[in-house]
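Asker: Got a structure for you, questions after.
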Amino acid sequence: MSITTDTRTALPVGTWTLDPVHSTIGFEVDYLGGTFRGQFRETEAKLVAEGDGPVLIGSAKVASVDVKDENLNAHLQSPEFFDAERYPELSFESSEIENDGDEVLIHGGITIRGIEKPVELRGTISEPITDYTGRERIGLRLETTVDRTEFGVDWNAPLPDGNPALTNDVSLAAELYLVKKA
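Going by my numbering, the sequence shown opens with residue -7, and the numbers climb by one from there.
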């Protein structure tokens, strides 16, 4: 299912919470010449567009990382990557949300392994719709790229040609379906 969007849609007023069944927060990284993808199964997000200005907050449980292989899931949770035991959650909180012509721009801080860095998310937001149960919903699609080594995620393995197995740049993408709080 895709979200049809008008990229100049204003943020709808209200408090919107994540529909986790229909939402995905994931990542992509170049690995061994291909693209390696994963996602987090346990996520939370809330958009509050009232009063002093809109705020988007979200988090993911590191132990819920899923790359379709239990051994790799365990490796990603280890101290060589996310270190789930010491840092059980990844988080994001916006500092500013704005429309910029064709896109929604969300400035904020992302925290991975206890290290917070500024980030700009770009994406689109759909017009509010009323679903078949009478609840209002919006779709919010966001993307950014971060350098994983800035968060202490610096594991790598050299290939025979001297190149690293894993690139430092990681693309993050969120496809959020948000439901208006009654």
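For glycine and all other residues, C-beta sits at the position ideal for the given N, C-alpha and C. Note that the coordinates shown come from a computational prediction; the quantities given were computed from them, not determined experimentally.
What span of residues does the beta strand (DSSP E) with residue 95 cover, start to end?
Answerer: Per DSSP, residue 95 belongs to the beta strand (DSSP E) from 95 to 104.
Asker: First and last residue of the beta strand (DSSP E) that includes residue 202?
Answerer: This structure cannot settle anything about residue 202, because the visible part of the chain is limited to -7 through 174.
Asker: Where does residue 169 land, buried or exposed, given buried means 16+ other C-beta within 10 angstroms?
Answerer: Residue 169 should be labelled buried.
Asker: Taking DSSP's pairing of strands, which residues face residue 110 in a bridge?
Answerer: In DSSP, residue 110 forms a bridge with 101.
Asker: What are the boundary residues of the alpha helix (DSSP H) that includes residue 151?
Answerer: Segment: none, residue 151 is in no alpha helix (DSSP H) and carries neither H nor E.
Asker: Just reading off the beta strand (DSSP E) that residue 42 is part of, what are its end residues?
Answerer: No beta strand (DSSP E) holds residue 42; DSSP gives it neither H nor E.
Asker: Rounded to whole angstroms, what's the CA-CA distance from residue 44 to residue 102? Just pull it up for me.
Answerer: Distance between the alpha carbons of residue 44 and residue 102: 21 Å.
Asker: Rank 23, 153, 156 and 129 by C-alpha distance to the C-alpha of residue 14 and give the top, closest one.
Answerer: Comparing Cα positions, the closest option is 129.
Asker: Where does the unbroken beta strand (DSSP E) through residue 10 begin, and where does it stop?
Answerer: Counting along the chain, the beta strand (DSSP E) containing residue 10 begins and ends at 6 to 10.
Asker: With DSSP run on the structure shown, which of helix, strand or coil describes residue 62?
Answerer: Helix, per DSSP.
Asker: Quick check on residue 121: buried or exposed, where buried means 16 or more other Cβ atoms within 10 Å of its Cβ?
Answerer: Label assigned to residue 121: exposed.
Asker: Just how far apart, CA to CA, sit residue 133 and residue 151?
Answerer: Rounded to whole angstroms, residue 133 to residue 151 spans 35 Å at the Cα level.
Asker: Check residue -7 in the structure and name its three-state DSSP category.
Answerer: Any reading at residue -7 must be qualified, since the residue scores a pLDDT of 37, below 50, and its modelled position is unreliable; the value itself is stated next. Of the three classes helix, strand and coil, the one that applies to residue -7 here is coil, per DSSP.
Asker: Residue range of the beta strand (DSSP E) that residue 138 falls in?
Answerer: Element bounds for residue 138: 128 to 139.
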